[in-house]
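Visitor:
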Amino acid sequence: MRSNFYAYLDRMKYIKRWQLMRSVREENVMEHSFGVTLFSHALAVIHNEVFGGKADVLKTVLYATYHETSEVMTGDLPTPIKYYNRSIQGAYKELEKSACEKIVETLPNELRAQIAPFVLADEQSVEYKLVKAADRLAAYIKCLEELKSGNGEFVKAKKSIEEDLKGRKMPEIDYFFEHFIPAFELTLDELEGF
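Take 30 as the starting number for the sequence shown in this note's numbering and just add one per residue.
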């Protein structure tokens, strides 16, 4: 039986993020997902090793890998629209869930039980909470990149995302900000110590 699952996911590279804003460098959903996966891994390890948590690191990483699956059908709805009011937010959440379910149905039956739980994540879990924080962290780092390139279009987004991240009261985020965020402001020569 032919499966469209991975062909669907491969289309993430065609979906642009930040559609309502002028970007110095365009970003697609596939590269964003990779960044979220990296940051989710970091936050899960920090959660466990620094703060004594019990997050399942593999589950966190796999939730992150598949966290934008619905967007191959829905596109990337800009944040101001997605969160305009509760009615739109609820309807869009249902649309995302339906899209994920439809994509999961394209998996061969013998693979579905091992893949579907990561596409259809447990939104109440600590792992999902870490992924959602990493998703915002990736957006924050995108803002830093754009601002570093002289694009003032991202000033307000950086401020609101930083407030959101700090408002989550997650020590993992504070740790990441203290230990890793300053390096994102450096040039390659500065990173290498030249």
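By construction, the Cβ of each residue, glycine as well, lies at the ideal position given by its N, Cα and C atoms. Model, not experiment: these values are computed from the prediction.
As an exercise, report each continuous alpha helix (DSSP H) stretch of at least 4 residues that is fully enclosed by the region 31 to 81, in chain order.
Guide: Runs of the alpha helix (DSSP H) inside the region 31 to 81: 34 to 39, 58 to 78.
Visitor: When the Cα atoms are used, what is the spatial distance from Leu217 to Phe209?
Guide: Locating residue 217 in the sequence shown gives position 188, where the first residue counts as 1. Locating residue 209 in the sequence shown gives position 180, where the first residue counts as 1. If I take the Cα positions, the gap works out to 15 Å.
Visitor: Kindly list the residues whose CB is nearer than 8 Å to the CB of Leu167, restricted to its own chain and excluding five residues on each side of it in sequence; keep chain order.
Guide: On the sequence shown, residue 167 is found 138 positions in, with the first residue counted as 1. What sits at residue 167 in the sequence shown is Ala, not Leu. Correct list, in chain order: His61, Gly64, Val65, Phe68.
Visitor: Are the Cβ atoms of Leu91 and Phe147 separated by less than 8 Å?
Guide: Here residue 91 refers to the residue found at position 62 when the sequence shown is read from its first residue. Here residue 147 refers to the residue found at position 118 when the sequence shown is read from its first residue. Yes.
Visitor: Please say whether Leu176 and Lys27 have beta carbons closer to each other than 8 Å?
Guide: The first residue shown for the chain is 30 and the last is 223, placing residue 27 beyond what the model contains.
Visitor: Which two residues bound the contiguous alpha helix (DSSP H) that contains Thr94?
Guide: Counting from 1 along the sequence shown, the entry for residue 94 is found at position 65. Counting along the chain, the alpha helix (DSSP H) containing Thr94 begins and ends at 86 to 94.
Visitor: Quick one: Cα of Ala128 to Cα of Glu221, how far?
Guide: Translated into the one-based positions of the sequence shown, residue 128 becomes position 99. Translated into the one-based positions of the sequence shown, residue 221 becomes position 192. Rounded to whole angstroms, Ala128 to Glu221 spans 44 Å at the Cα level.
Visitor: So Pro146 is in the alpha helix (DSSP H); what residue range does that whole segment cover?
Guide: As a first step, residue 146 is located in the sequence shown; it is residue number 117 there, counting from the start. Looking at the DSSP string, the run of the alpha helix (DSSP H) that includes Pro146 is 138 to 148.
Visitor: Closer than 7 Å by C-beta to Ile75: which residues in its own chain qualify, once you throw out the five before and the five after it? Chain order, please.
Guide: Position 46 of the sequence shown, counted from the start, is the residue given in the question as residue 75. The answer, listed in chain order, is Glu201, Tyr204, Phe205.
Visitor: Beta carbon of Met199, beta carbon of Val101: below 8 Å?
Guide: On the sequence shown, position 170 is the one that residue 199 refers to. On the sequence shown, position 72 is the one that residue 101 refers to. No, the pair does not count as a contact, with Cβ atoms beyond the cut-off.
Visitor: From what residue to what residue does the alpha helix (DSSP H) around Asp105 run?
Guide: As a working mapping, residue 105 is identified with position 76 in the sequence shown. First-last for Asp105: undefined, no H or E at that position.
Visitor: Could you check which residue in Thr103, Gly82, Glu139, Leu215 has the C-alpha nearest to that of Glu125?
Guide: In the sequence shown, residue 125 corresponds to position 96, counting from 1. Here the closest residue by C-alpha is Thr103.
Visitor: Quick check on this structure: which residue in Phe183, Ile190, Leu149, Gly119 has the alpha carbon closest to the alpha carbon of Asp164?
Guide: Residue mapping note: residue 164 aligns to position 135 of the sequence shown, counting from 1. Here the closest residue by C-alpha is Ile190.
Visitor: Just tell me which of Glu130, Phe213, Glu207 has its CA closest to the CA of Ile170.
Guide: The residue labelled residue 170 in the question sits at position 141 within the sequence shown. The candidate whose alpha carbon is nearest that of Ile170 is Phe213.
Visitor: Classify Lys111: buried if its beta carbon has 16 or more other beta carbons within 10 angstroms, exposed otherwise.
Guide: By 1-based counting over the sequence shown, the position of residue 111 is 82. That one is exposed.
Visitor: Going by the beta-carbon positions, is the gap between Val160 and Thr89 smaller than 8 Å?
Guide: Indexing the sequence shown from 1 puts residue 160 at position 131. Indexing the sequence shown from 1 puts residue 89 at position 60. Yes, the Cβ-Cβ distance between Val160 and Thr89 is below 8 Å.
Visitor: Along the chain, where does the alpha helix (DSSP H) that runs through Lys126 open and close?
Guide: Taking the first residue of the sequence shown as position 1, residue 126 is located at position 97. Lys126 -> alpha helix (DSSP H) spans 115 to 133.
Visitor: Given a cut-off of 8 Å on the beta-carbon distance, is the pair His70 and Val58 in contact?
Guide: Numbered from 1 along the sequence shown, position 41 holds the residue referred to as residue 70. Numbered from 1 along the sequence shown, position 29 holds the residue referred to as residue 58. Result no, Cβ atoms of His70 and Val58 do not sit closer than 8 Å.
Visitor: Quick one: using the 10 Å Cβ neighbour count with 16 as the cut-off for buried, is Ala224 buried or exposed?
Guide: As shown, the chain starts at 30 and ends at 223. That puts residue 224 outside it, with no answer to give.
Visitor: Around the C-beta of Leu215, are 16 or more other C-beta atoms found within 10 angstroms, so that it is buried, or is it exposed?
Guide: The residue labelled residue 215 in the question sits at position 186 within the sequence shown. Exposed is the call here.
Visitor: By a C-beta neighbour count over all protein chains shown, 10 Å radius and 16 as the cutoff for buried, is Lys195 buried or exposed?
Guide: As a working mapping, residue 195 is identified with position 166 in the sequence shown. Exposed is the call here.
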